[in-house]
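Colleague:
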Amino acid sequence: MIDNEQHVLVVFPHPDDEAFGVSGTITSYIKQGTPVTYACLTLGEMGRNLGMPPFATRESLPSIRKKELKKAAEVMGIEDLRMMGLRDKTLEFEDDADMKQLVADLVDELKPSLVISFYPGYAVHPDHEATARAVVEALGEIEPDIRPTLHAVAFANNTEEDLGKPDVIHDIRHVQEDKLNAMRAHISQTARMLEMLEEGIERDDPEALKWVHYENFYTYKWGDES
Ligand SMILES: [Zn+2]
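Going by my numbering, the first residue of the sequence shown is number -16, and it counts up by one from there.
1) Among L26, E124, R130, which residue has its Cα nearest to the Cα of D110?
2) Report the residue ranges of all beta strand (DSSP E) runs contained in full by the segment 71 to 119; include only those spanning at least 3 residues, in chain order.
3) Taking Cβ positions, are I13 and E1 nearer each other than 8 Å?
4) Roughly how many whole angstroms lie between the Cα atoms of L133 and T40?
5) Return helix, strand or coil for G183, following the three-state DSSP convention.
6) Quick check on D(-14): does DSSP put it in helix, strand or coil?
7) Report buried or exposed for W205, applying the criterion of at least 16 other Cβ atoms within 10 angstroms of its Cβ.
8) Of all the options P37, K49, F38, E62, which has the alpha carbon lying nearest to the alpha carbon of G16?
9) Thinking E51 and S171 are a contact (beta carbons under 8 Å), I'd like their distance in whole angstroms, please.
10) Name the DSSP beta bridge partners of R130, please?
11) If I'm right that A137 touches A106 with Cβ under 8 Å, what's the distance once you round it to whole angstroms?
12) Do you know how far the Cα of E198 is from the Cα of V98?
13) Take A113 as the anchor and find which of E57, S46, K72 has the nearest alpha-carbon.
14) Could you tell me the boundaries of the beta strand (DSSP E) in which L(-8) lies?
15) Round the Cβ separation of G7 and I152 to the nearest angstrom and send it over; I've been treating them as touching at under 8 Å.
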């Protein structure tokens, strides 16, 4: 059982970012009765994968990924899915102030007690970094006593070297199958990874099992907290 929250806001740039990193956590919150809003900034329409074997075309990929995202939200039990309509692979070129405002507006409206996103500097992909920056900047402007907690996902190679071990570890074993189903929903992108994962789980490979047993986060440390 993870700590209850008033409302959780999840902000990621691509459909499937949530599935790999946090779908067990999202499912756990929803099963506990905590409402979760997922704001997905793009439709991942520039995704390199077109299915395995390919079933999408460049033209059909946006609508396929939109359907997959809706399916994943359904699998996780998310009732409030926001598709924010930004363009894939362009977030780093968006105006930083606009990106920050987008997050600030969501926080204003939903008043989440917890926000989940990427950790700036440790999120690997330029869209991930732009998203993480916007989240940190938007939350940073909120008074410390009413600021939501930020649980950040970090996966750059130097993460542990710089940040140490993650301080939040969610045991998601009870929703393992839900997590796999969330990944399966994004099949145009995840087929290869899923095949390896399922095969690894089958033979108890610890590298595979850690994907479906635990989800790790860093509580973002603000400079102005007492
Ligand atoms: Zn992504």
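Backbone N, C-alpha and C define an ideal beta-carbon position, used for all residues, glycine too.
Modeller: Checking against the coordinates, here is how it stands:
1) L26
2) 97 to 101
3) no
4) 37 Å
5) helix
6) coil
7) exposed
8) E62
9) 6 Å
10) Beta-bridge pairing links R130 to no other residue.
11) 7 Å
12) 15 Å
13) K72
14) -9 to -5
15) About 11 Å; that fails the 8 Å criterion.
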